[in-house]
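Colleague:
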Amino acid sequence: MNAKTQQPCDGRGGTITSITMETTPLMKRSVIFVDNRRAAYALPRDSERLAIRHPISDETLAELQRRYDHHGAYLQAVRFLGPRNRSASEIRQHLTVKGWPVKASHQAIERLEQEGYVDDRSFARQWIDYRSRTAPRSRMVIMQELKQKGIARETILSAVATMDEAALALDCARKKARQWRRYDGVQKEQRIAAFLQRKGFPFAVCRETARTLARQSQED
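Going by my numbering, 1129 is the number at position 69 of the sequence shown; the sequence numbering is gapless.
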């Protein structure tokens, strides 16, 4: 469901003229009509205490809408989490795109953090582990990737502190070893080093890794 596509509600009080039920891909909701105007969305359980032809204030409508927005943003965030972890920033951006109010999005993320479903420190560690297993990258590249995902600098620095760049560079190069089989000696070292530099590894690590792999290939 995209909150941006919802018909707008004016939130003005008056006399309740009708209450209808709608089913969206995300949730069921009540639509409160006041003086034949679409005044607010509400959770079905909240609309049960309302009655047709009874007056309703601006404040009550605002509270109904607030509760609906907070629950909807939370459900939207849970759906977005799906099969993998997300950073708090990724969830916030998704909820913004979907049109949920900033305050509702903030409270949804806070609730997910309290429930243990969102944890940027855990996310950063898992991202590093995932990258190390599937596509090894240098500390600098990993830091850039985590920054793009909205992770705080302090959290990033703590997460990358234990990265072993020498081991990662060696693993990264070994995954591509076949493409250098036809080269020998200095030429092989140069190509391996250039490849690792493009992956963001420090020059000293690239040089040492290239020498190690070139020497091992000669011994095999």
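Glycine included, every Cβ here is placed at the ideal spot set by N, Cα and C.
Hey, how far is the Cα of E1108 from the Cα of P1068?
Modeller: 22 Å
Colleague: Only counting the same chain, and skipping five residues up and downstream in sequence, which positions put a Cβ closer than 7 Å to that of D1129?
Modeller: W1160, P1161, A1164
Colleague: Looking at the unbroken alpha helix (DSSP H) that takes in E1123, where does it start and where does it end?
Modeller: 1118-1141
Colleague: Would V1091 pass as a contact of R1098 if the rule is Cβ separation under 8 Å?
Modeller: yes
Colleague: Exposed or buried, what is G1245 when buried is set at 16 or more other beta-carbons lying within 10 Å of its beta-carbon?
Modeller: exposed
Colleague: Which word fits I1211, buried or exposed, when buried means at least 16 other C-beta atoms lie within 10 angstroms of its C-beta?
Modeller: buried
Colleague: Please look up how many angstroms separate the CB atoms of M1203 and G1132, rounded, as I've assumed it's under 8 Å.
Modeller: In fact, because the Cβ distance is near 35 Å, the residues do not count as touching under 8 Å.
Colleague: Could you tell me which of T1080, R1126, L1103, K1259 sits nearest to M1200, measuring between CA atoms?
Modeller: Taking each of T1080, R1126, L1103, K1259 in turn and checking the Cα distance to M1200, the smallest one comes out for K1259.
Colleague: Only counting the same chain, and skipping five residues up and downstream in sequence, which positions put a Cβ closer than 6 Å to that of D1231?
Modeller: P1196
Colleague: Applying the 10 Å Cβ sphere with the 16-neighbour rule, what's the burial state of Q1239?
Modeller: exposed
Colleague: What number of angstroms, rounded off, separates the C-alpha of A1111 from the C-alpha of R1072?
Modeller: 17 Å
Colleague: Confirm, please, whether the CB-CB distance from L1121 to A1137 is below 8 Å.
Modeller: no
Colleague: So, helix, strand or coil for A1158, using DSSP?
Modeller: The residue asked about is misnamed: residue 1158 is Lys in this sequence, not Ala. Three-state DSSP puts K1158 in coil, outside helix and strand.
Colleague: Taking a contact to mean a Cβ-Cβ separation below 8 Å, would you say F1263 touches K1236 in this structure?
Modeller: no
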